[in-house]
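Chain order of the listed sequences is G and R.
Each residue of the first sequence is one higher than the one before, starting from 583 at the first, in our numbering.
Each residue of the second sequence is one higher than the one before, starting from 438 at the first, in our numbering.
Cβ coordinates follow ideal geometry from the N, Cα and C atoms, glycine included.
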Amino acid sequence: MITPKDISATTVASARDAMRAGLYTSEELVRAVLAAIDEKDGGIGAYLTVDREGAIAAAAEADARRRAGESGDLLGIPVAMKDIFNVKGQPCTCASRILEGYVAPYDATVTARLRAAGAIPCGRVNMDEFAMGASTEHSAFHPTRNPVAPDRVPGGSSGGSAAAVSGGMALCSLGTDTGGSIRQPASFCGCVGLKPSYGRVSRYGVTAFASSLDQVGPITRTVEDAALLLQCIAGADPHDQTCLDRPVPDYAAALRGASTEGLRIGVPREYFAEGSDPEVLSLVRAAIDKAAAAGARVEEVSLPHTEYAIAVYYICATAEASANLARFDGVRYGARRVGPDGSLASLYDRSRTDGFGPEVKRRILLGTWVLSSGYRDAYYRRALKVRTLVRRDFDAAFAKCDVLMCPVAPTPAFKLDSTVNDPLKAYLCDAFTVPANLAGLCGVSVPCGRTAADGLPVGLQILGPAFGEPALLRAAAAMEALLR
Amino acid sequence: MKYTIDIGLETHVQLKTRTKMFCGCSLASGAEPNVNVCPVCLGLPGALPRANREAVRLTVISGLMLGSRIAKRAEFDRKNYFYPDMSKNYQISEDAHPLCIGGGVEIGGAGGAARTVRLNHIHLEEDAAKINHYARHSGVDYNRCGTPLMEIVSEPDLHSPDEAMEYLQTLRRILVYAGVSDCNLEDGNMRSDVNVSVRPEGSDRLGTKVEIKNMNTFKGIHAALEFEIARQTALIDAGGAVIQETRRWDGDLGETFSMRTKENAHDYRYFPEPDLLPIELPPELVEQWRAELPELPERKKERFASQFGLPAYDAGVLAAERPLAEYFESTVSAGAPAKLAANWIMGDVLRLLGAAGKEAADVASLSTLPPASLASLLRLVEGRTINGPTAKALLEELFEKGGDPAAIVKERGLAQVSDAGAVEELARRAIEANPKPVAEFKAGKKASLQFLVGQVMKLSRGKADPKLAAQALAKIIEDMPQ
Ligand SMILES: [Zn+2]
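Shown next, in the form of structure tokens:
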């Protein structure tokens, strides 16, 4: 038997083992999750929609597959999907008015892979509109509260994903990370959040924010669960040319016997400069000290172009977004409004004016501007050059370290409404997460303690080189064990 | 004042692929609107493009045929503009790093001195959807959206509307020959925008250029150029100045109209397409494609003349279209004497195709008369097993119904009578029956011999060898006592 109360302590691995042992069925598990959502989500707002009938039917099917002899890791496991993934037959609004009522007519590659493994996309979780934001306050529908401290944000943009897991309303969730959108909410909500390397997971069917930066990854309770989900979704996809045809290692196997013994940890000096919350820095330092005490070799490294990362990120990401979001025009799908003159121009104007929220409009305008003739060389082209320098910083660091360790964000979860009207302040909070996206690295947030005053979770960020997920996850599992 | 005209063309050519440029949708024409569509070409949220390899190959083949340099690294870019004909509101094209760089098209071969019109580059892009306007609304048909297009951009090296026509016709012939495109003008497979400017004769500075769009036919391009050149020269003659702008050709009115001036030109905000990887073709692959290039018509004509000893005219006719050239060469390699094959293909085969309402290119799909069968027929002619009239009748029958010429000849006893004794016997009978023409021939009227040959043919029911018959008749009459 499993009850709604049990969900907050259930991991993917434990549910798998329980179902294999016949302790409960997928249908019972899914019903428990649905009941937990009913019970708890009123005060949190993690979910936008829940597909009850679909989830229960899929669970029954998973149970039948199990009776027929299947026993895969994700068979019968419900997964909360960020509202950015196309799941055929479910809404896919990206938490935007402009896609209100839009029902996905096809499955994203990650959705198809989850379904093939028997996992159940049970509901859609909240996010900042089109993944633009770091607090989930930019959802057009409602903000999501941090289950650990309901007066605070869960982070973002995958805030619904982290809140659903942290709040005991999901075992695991899929999110996307363009500049920290998996790692930062995981840090704020006390979850594990994995951003795979660029090109590791297909982006097909994932509504694009910034194509050269977006990457899909899991938010879970444990590093092991993150490995299990990555195993399912990683690997080449003929529908996404940027998803590389490289072998997918056995991630769960990489975790076995994980330890920090002999691990070469680089500590990037620029990530510990003044300006961050001292408690965050001391918790992260304490975690690294524990690793050193457990046999890791810790070395300070420098990533000299860190200070430019935010500017480069906001130029590259908004430029790509300005084109990616051009398709939302009211012509083929989504909300359509027409002005009194009935003209095409008024259709574009009204549909987009009414359909997009202020943060999305701000970024479209910024991206349009940095690509405009006369500004493109000074901003966009130059940003591409500096992006290369940021990548080289990491190449040099990884030449002598296995992983880098640093904070995920300069602060723990902040209060609702504290950054909404100050975009620049909000953008600066991404300083430690965007470099990994610019360089295509893999990174993970692992809980490393709570602040003394407010008991807010703080995440340790571990970064690995592109396609270095096995070593990254191994280090993360070792740290998870040390910090437990 | 006298003016020099400078014309450059941007020619969009639809590539002959099975599927669209960035998705697997069919390019079959004639479908109901919005049938050949998918999340990718409809620009649905989350859909991603994937580049069509065959379109890349065909563009490179075109570049190689036209002497372009193939880029080591080509990149797709997004060209941003809002219009319902482009489902994503950006077009995927190649701006900064096109697939083929430079190259040229030779014009002026006949008559005038040959010269090369330089190409700036050739790039690959996707076509827009078709918009249909109705009384109260407009409809968008995305079947065409995402069709692979190659844009061939020339330098302003053309100096008259006629030269522009010659350039386009030559380009078309080469591309069709290479199998890259059907270049079917009615289907819009080949569309051009033109840039035209005029400058005082002798000046080496190009005039202000005007771009003209919306010409659907070669004729339309010619007419638009003539109109625009007249407009620009009249403007300057009257003391005015041409302004840089884009103009639209109205074929019904026969005039160009201003669409937008330079100040209002679109800012397309090009940037590298992050959803696609750059195209980096291995040099070995490009070399392999180069080795497989079809021979150009001019080169083939020269070869036909020298290799088969054909007159220049015949070689030209046979080489002009690839299917005909291939049919000819296959017939020869199946054992037909080259000159005989050339004569028969250019004469009777083309005549029969024409009578059947077909084009020379349709010879490729002539299942009733494959090259082997024509060669077999021509060998019978060459070996004088059958005579000319029999062969022609047989060709028509084969064209109609097919069959094995050698077997038919044997079965029906069509072989000509080449036995000297038998022919001589028939000749004697013809002479005996026709004393008057014999006397006339003796008196010096050469034509009378033809009449007598005809009589021999009649007696043989068409099977006698006419040459032998003439020889026998002449000899018998000569030997007759005076
Ligand atoms: Zn398609």
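Original post:
Between G:ILE764, G:ALA792 and G:ILE801, which lies nearest to VAL908 of chain G when the distance is taken from Cα to Cα?
Top reply: Reading off the sequence shown, one finds Ala at residue 908 of chain G, where the question assumed Val. Among G:ILE764, G:ALA792 and G:ILE801, the Cα nearest to that of ALA908 of chain G belongs to G:ALA792.
Original post:
Unbroken beta strand (DSSP E) runs of length 3 or more, entirely within the region 711 to 781 of chain G: which are they?
Top reply: 755 to 758 and 774 to 777
Original post:
How many Å lie between SER767 of chain R and THR683 of chain R at the Cα?
Top reply: For SER767 of chain R and THR683 of chain R, the distance between alpha carbons rounds to 50 Å.
Original post:
Should VAL477 of chain R be listed as close to ligand 1, given that the test is whether its C-beta is under 6 Å from any heavy atom?
Top reply: yes
Original post:
Would you call SER804 of chain R buried or exposed, if buried means 16 or more other Cβ atoms sit within 10 Å of its Cβ?
Top reply: exposed
Subject >> Check: CYS462 of chain R C-beta below 6 Å from any heavy atom of ligand 1 >> reply: yes
Original post:
In this structure, does DSSP put THR970 of chain G in helix, strand or coil?
Top reply: DSSP places THR970 of chain G within a helical segment (H, G or I) once states are collapsed to three.
Original post:
Relative to the C-alpha of ALA1058 of chain G, which residue among G:LEU776, G:CYS1011, G:GLY636 and G:GLY762 is closest?
Top reply: G:LEU776
Original post:
Name the chain G residues whose beta carbon is nearer than 9 Å to that of TYR614 of chain R?
Top reply: Result: empty, since nearest Cβ-Cβ is about 32 Å, beyond 9 Å.
Original post:
CB ALA508 of chain R to CB ILE529 of chain R, shorter than 7 Å?
Top reply: no
Subject >> For VAL577 of chain R and GLU600 of chain R, the rounded distance between their alpha carbons >> reply: 36 Å
**OP:** Output the distance between the C-alpha atoms of CYS825 of chain G and GLY877 of chain G, rounded to the nearest integer angstrom.
**Re:** 36 Å
Original post:
Which residues, in chain order, does the region 654 to 686 of chain R contribute to contact with chain G at a C-beta distance below 7 Å?
Top reply: none
**OP:** Establish whether the CB of ASP822 of chain G and some CB of chain R are separated by less than 7 Å.
**Re:** yes
**OP:** Could you pull the start and end residues of the alpha helix (DSSP H) that MET894 of chain R belongs to?
**Re:** 884 to 896
**OP:** Using three-state DSSP, classify CYS704 of chain G as helix, strand or coil.
**Re:** When secondary structure is reduced to three states using DSSP, CYS704 of chain G falls in the strand class.
**OP:** Compare the C-beta of ASN489 of chain R with all C-beta atoms of chain G and state if any pair is closer than 7 Å.
**Re:** For ASN489 of chain R, no CB of chain G lies under 7 Å from its own CB, so it is not counted at the interface with that chain.
Original post:
Quick one, which of G:ASP689, G:LEU605, G:CYS988 and G:SER608 has its alpha-carbon nearest ASP871 of chain G's?
Top reply: G:CYS988
**OP:** Determine whether the Cβ of TYR527 of chain R lies closer than 7 Å to any Cβ atom of chain G.
**Re:** yes
Subject >> alpha helix (DSSP H) runs contained entirely in the region 808 to 844 of chain G, provided each spans 4 or more residues >> reply: 833 to 837
Subject >> Same chain, Cβ closer than 8 Å to SER640 of chain R, five either side skipped, listed in chain order >> reply: THR441
Subject >> Between the CA atoms of SER784 of chain G and ALA875 of chain G - distance to the nearest angstrom >> reply: 39 Å
Original post:
Within 7 Å (strictly less), CB to CB, does ASN471 of chain R reach chain G?
Top reply: no
Original post:
Would you say ALA690 of chain G faces chain R, with C-beta separation under 7 Å as the test?
Top reply: yes
**OP:** Under 8 Å between beta-carbons, which chain G residues line up against GLY480 of chain R? List them in chain order, please.
**Re:** ARG909 and ARG914
**OP:** Would you decide whether GLN681 of chain R is buried or exposed? Buried here means 16 or more other CB atoms lie within 10 Å of its CB.
**Re:** The C-beta of GLN681 of chain R has fewer than 16 other C-beta atoms within 10 Å across all chains shown, which makes the residue exposed.
**OP:** Have a look at TYR579 of chain R and ALA565 of chain R and give me their C-alpha separation to the nearest angstrom.
**Re:** Using only the alpha carbons, I get a separation of about 8 Å.
**OP:** Check the Cβ of SER530 of chain R against every Cβ in chain G and list those closer than 8 Å, keeping chain order.
**Re:** What SER530 of chain R touches in chain G: nothing, since even the nearest Cβ is about 13 Å away.
Original post:
So PRO542 of chain G and ALA745 of chain G are in contact, right, with Cβ under 8 Å, and what is the actual spacing, rounded?
Top reply: Any question about residue 542 of chain G goes unanswered here, given that chain G covers just 583 to 1066.
Subject >> Continuous alpha helix (DSSP H) stretch holding VAL875 of chain R: start and end >> reply: 872 to 879
Original post:
So is LEU722 of chain R buried or exposed if we call it buried at 16+ other beta carbons inside 10 Å?
Top reply: exposed
**OP:** Check distances from the C-beta atoms of the region 505 to 524 of chain R to those of chain G and list, in chain order, the residues that come in under 7 Å.
**Re:** ARG515, ASN517, PHE519, PRO521 and SER524
Original post:
Got a sec: which bits of the region 610 to 640 of chain R sit with their beta carbon under 9 Å from any beta carbon on chain G, in order along the chain?
Top reply: none
**OP:** Kindly indicate which three-state DSSP category CYS475 of chain R falls into: helix, strand or coil?
**Re:** coil
Original post:
Does DSSP classify LYS516 of chain R as helix, strand or coil?
Top reply: Annotated three-state conformation of LYS516 of chain R is strand, per DSSP.
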